[in-house]
Amino acid sequence: MSASYSESSLSYDSESRIQQNWIFLLDELDEADIVDHLFEAREITRDQIDEIESKPTKRKKTEALLKFILQKKKQKLYDVFVETLKIDYIHVVDKLNATKVIPAEPKVAPYDWFKDIPVSKKQLALRESDASRFSNCFGSGWEAIMYSLGIKKTELELELENVGHRKKQTITNLIIRWLNNFFYTNKLVILYES
């Protein structure tokens, strides 16, 4: 086996086959028939086997083994697992191979929505009435956004004290201050890029 293969990540299809057949695998498999083969292939250690075998029931042991395979995220481990199943569990292998994998949700960056906004809208100047709506959109890390807009740390701390440490009101007031200080650059695109 090549070094790159032994280090390759578990494929989406392999992970999905386990997930989509989870209950079936828990009902059908006995981890005791599998772990020694994984140990022989150097895909599991004695300590890991002991951890799996410490579970109280056959089903819990099998569940621990399946979780181990998913958490390791190694394709070689999955492949050795399937090869091992061919010894006593060919019907399980057939079911895994016959499983139609549900396609993954496309990975969407959290801010992909911004690309869909027309350029003309991105260039519109923001108004004070927009400030309170934007303050609802901020989560953790809002202070860093304020700093990148040019708000100084002392301004931020003073504003927090003035409004009794109410985050939403502080953010609204700081956005209004930014709008007033940077009238010609206070566009949605600037706020987004911060």
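When we follow full-length UniProt numbering, the leftmost residue of the sequence shown carries the number 1, and every step to the right adds one.
Think of the CB as a built atom: it goes at the ideal place given N, C-alpha and C, for glycine as much as any other residue.
Small disclaimer: the values here were computed from a predicted structure and weren't measured.
Environment of Lys67 [buried if 16+ CB atoms lie within 10 Å]: Locating residue 67 in the sequence shown gives position 67, where the first residue counts as 1. With fewer than 16 other Cβ atoms within 10 Å, it is exposed.
For Gln20 and Thr99, believed in contact at Cβ under 8 Å, the rounded distance: Within the sequence shown, residue 99 is the residue found at index 99, counting from 1. Within the sequence shown, residue 20 is the residue found at index 20, counting from 1. Yes, Thr99 and Gln20 are in contact; Cβ-Cβ is about 5 Å, under 8 Å.
Contacts around Ile151, its chain only, beta-carbon distance under 8 Å, and the 5 residues preceding and following it disregarded: Translated into positions along the sequence shown, residue 151 becomes position 151. Closer than 8 Å at Cβ, skipping near neighbours: Leu174, Arg177, Trp178.
Contact under 9 Å by Cβ, Val92 with Glu51: Locating residue 92 in the sequence shown gives position 92, where the first residue counts as 1. Locating residue 51 in the sequence shown gives position 51, where the first residue counts as 1. Their beta carbons are not under 9 Å apart, which means Val92 does not touch Glu51 by this criterion.
Host alpha helix (DSSP H) of Ser135 (start-end): Taking the sequence shown and counting its residues from 1, one reaches residue 135 at position 135. Start and end: 128-135.
Coil, strand or helix - Lys74 by DSSP: Residue 74 sits at position 74 when you count from the first residue of the sequence shown. Strand at Lys74.
Ala98: first and last residue of the uninterrupted alpha helix (DSSP H) it sits in: As a first step, residue 98 is located in the sequence shown; it is residue number 98 there, counting from the start. Its alpha helix (DSSP H) spans residues 90-98.
Rounded C-alpha distance that separates Lys60 from Asp13: If you number the sequence shown from 1, residue 60 lands on position 60. If you number the sequence shown from 1, residue 13 lands on position 13. Roughly 24 Å separates the two Cα atoms.
Beta-carbon gap between Thr172 and Ser140 smaller than 9 Å: Mapped onto the sequence shown, residue 172 falls at position 172. Mapped onto the sequence shown, residue 140 falls at position 140. Taking 9 Å as the Cβ cut-off, Thr172 and Ser140 do not qualify as a contacting pair.
Buried or exposed (CB count within 10 angstroms, at least 16 for buried), Leu77: Translated into positions along the sequence shown, residue 77 becomes position 77. Under the 10 Å beta carbon count, Leu77 is surrounded by 16 or more other beta carbons and is classified as buried.
Residue interval of the alpha helix (DSSP H) (run including Lys168): Stepping through the sequence shown from its first residue, residue 168 is reached at position 168. Its alpha helix (DSSP H) spans residues 167-181.
Asp33 beta carbon less than 9 Å from that of Asp88: Along the sequence shown, one-based indexing puts residue 88 at 88. Along the sequence shown, one-based indexing puts residue 33 at 33. Their beta carbons are under 9 Å apart, which means Asp88 touches Asp33 by this criterion.
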